[in-house]
Amino acid sequence: MKKFIFSVAAFTLLILSSCTKEELVSENKDEMLKQDSFIEVTSASTDAILAEILKMNASYPATKAIWGEKYLTGTVTITIRDSSGVRIFLVDFGAAGNTGPDGKLRKGQLAAYIVNNGKTGSEQKVKYIDFVEDGYLFNGWVGRTITRDIDANTQQAVITEDFKVTIPDGTKFTKRVSSLNRLIKGGVATTKDDDTIETYGTTTITNEKNESRTRTVEAATPLIFKVSASEIVKGIAKTTFADGKTMTIDYGDGTVDNTATVSDGTKTKTITLKKTT
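The sequence shown maps to residues 2 to 278 in the numbering used here.
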């Protein structure tokens with residue numbers, strides 16, 4: 002009788018432990034999706050920063066009067082020089098940091114190397130130099146081939162990324178390698194409210210344990226980053242984790258609400274994308 006009672010108790014404990022472990026794994030994956038979303042936002046906002054830099058490039062020599070549309074404000078300093086046909090911009094947000102109109106604190110530097118191919122194209126490289134956005138530390142490179150449509154006020158970008166992101170706790174990091182396509186839409190020139198950046202392509206994220214996950218966004222459902230809100234407001238991404246399981250994240254219908262819907266094919270729930278103060 003004692004053996005039977007012990008067996009039942011052990012079996013119950015095993016079930017409870019298993020459930021707890023599954024719930025923990027699920028929570029960890031939710032956190033991974035949130036981190037991926039944050040990094041995607043920084044990637045897109047870097048393109049928006051470059052869009053401001055390109056306006057400076059077109060207006061060279063630059064003056065502070067043309068700064069400040071969205072990101073290059075406050076204590077940000079910009080150094081511009083030419084070297085062998087390459088225009089180099091060093092954007093320094095300072096060691097103490099600069100809080101932009103979007104409410105995000107940025108520190109460190111971005112270096113942009115731009116070679117213009119006439120009026121409608123350019124080759125660009127961007128280097129993250131101890132660049133920090135809201136506590137996430139970025140180091141590495143982004144390559145961009147740009148084709149502009151001046152009449153439509155858009156830029157088509159073919160992008161490759163290879164950079165490392167250290168999570169705010171300082172003990173965890175991910176390395177992101179991407180092959181992306183982006184459509185940067187300027188909208189009506191008199192307002193920034195309709196500016197968007199659409200992204201699709203494939204990204205591989207590898208964590209400090211050398212575990213990789215793949216994030217895929219199809220051209221039919223691109224991620225839409227709304228510049229004025231500094232948020233992804235629409236689109237679907239599918240993530241395949243190291244254990245072979247997949248989850249999708251749906252960013253909604255274009256409404257700025259700081260949420261997304263996550264599904265593993267069986268369960269669906271709503272998550273908050275970023276902390277609010």
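Backbone N, C-alpha and C define an ideal beta-carbon position, used for all residues, glycine too.
Check	Outcome
Between V77 and N99, is the Cβ-Cβ spacing less than 8 angstroms?	yes
Buried or exposed: where does D48 fall if 16 or more other Cβ atoms within 10 Å of its Cβ makes it buried?	buried
Quick check: the Cα distance between N208 and D135, rounded to an integer number of angstroms?	20 angstroms
So the candidates are V166, K186, A243; which of them puts its Cα closest to the Cα of D37?	V166
In or out: P169 buried (at least 16 other Cβ within 10 Å) or exposed?	exposed
Specify the secondary structure class of K126 as computed by DSSP and reduced to three states.	strand
Does the segment 120–129 come close enough to the segment 101–108 to have 3 or more Cβ pairs within less than 8 angstroms?	no
Mind checking who V218 pairs with in its DSSP beta bridge?	G202
Take F242 as the anchor and find which of T222, I206, A220 has the nearest alpha-carbon.	I206
If you run the structure through DSSP and keep just helix, strand and coil, what is L111?	strand
For G280, tell me which candidate among Y114, I130, R82 has the shortest Cα-Cα distance.	The shown model of the chain, from 2 to 278, leaves out residue 280, and the question about it has no answer.
Is it the case that the Cβ atoms of I225 and I233 are separated by a distance below 8 angstroms?	yes
Let's see if you can read the secondary structure: which residues bound the beta strand (DSSP E) around F174?	174–186
Looking only at its own chain, which residues have a Cβ that is under 6 angstroms from the Cβ of G144, when we skip the five neighbours before and after it?	K126, T161
Determine the contact status of I115 and T155, defining contact as a CB-CB distance below 8 angstroms.	no
Under a three-way DSSP split, which group does D31 fall into?	helix
Rounded to whole angstroms, what's the CA-CA distance from K176 to S46? Just pull it up for me.	18 angstroms
Does the distance from the C-beta atom of T203 to that of S180 stay below 8 angstroms?	yes
Looking at C-alpha atoms only, which residue of T247, K235, G86, A112 is the closest neighbour of T260?	K235
Secondary structure at V92, three-state DSSP: helix, strand or coil?	strand
Does DSSP put S85 in a helix, in a strand, or in coil?	coil
Going by CA-CA distance only, name the one from S231, T271, A221 that's closest to E41.	S231
Short check: CB of R183 to CB of T197, under 8 angstroms?	no
Can you tell me where the beta strand (DSSP E) with I1 in it begins and where it stops?	Here the chain covers residues 2 to 278 and nothing more, so residue 1 does not appear.
Would you check if the distance between the CB atom of A113 and the CB atom of L51 is smaller than 8 angstroms?	yes
State the DSSP-derived secondary structure class of D265, mapped to helix, strand or coil.	coil
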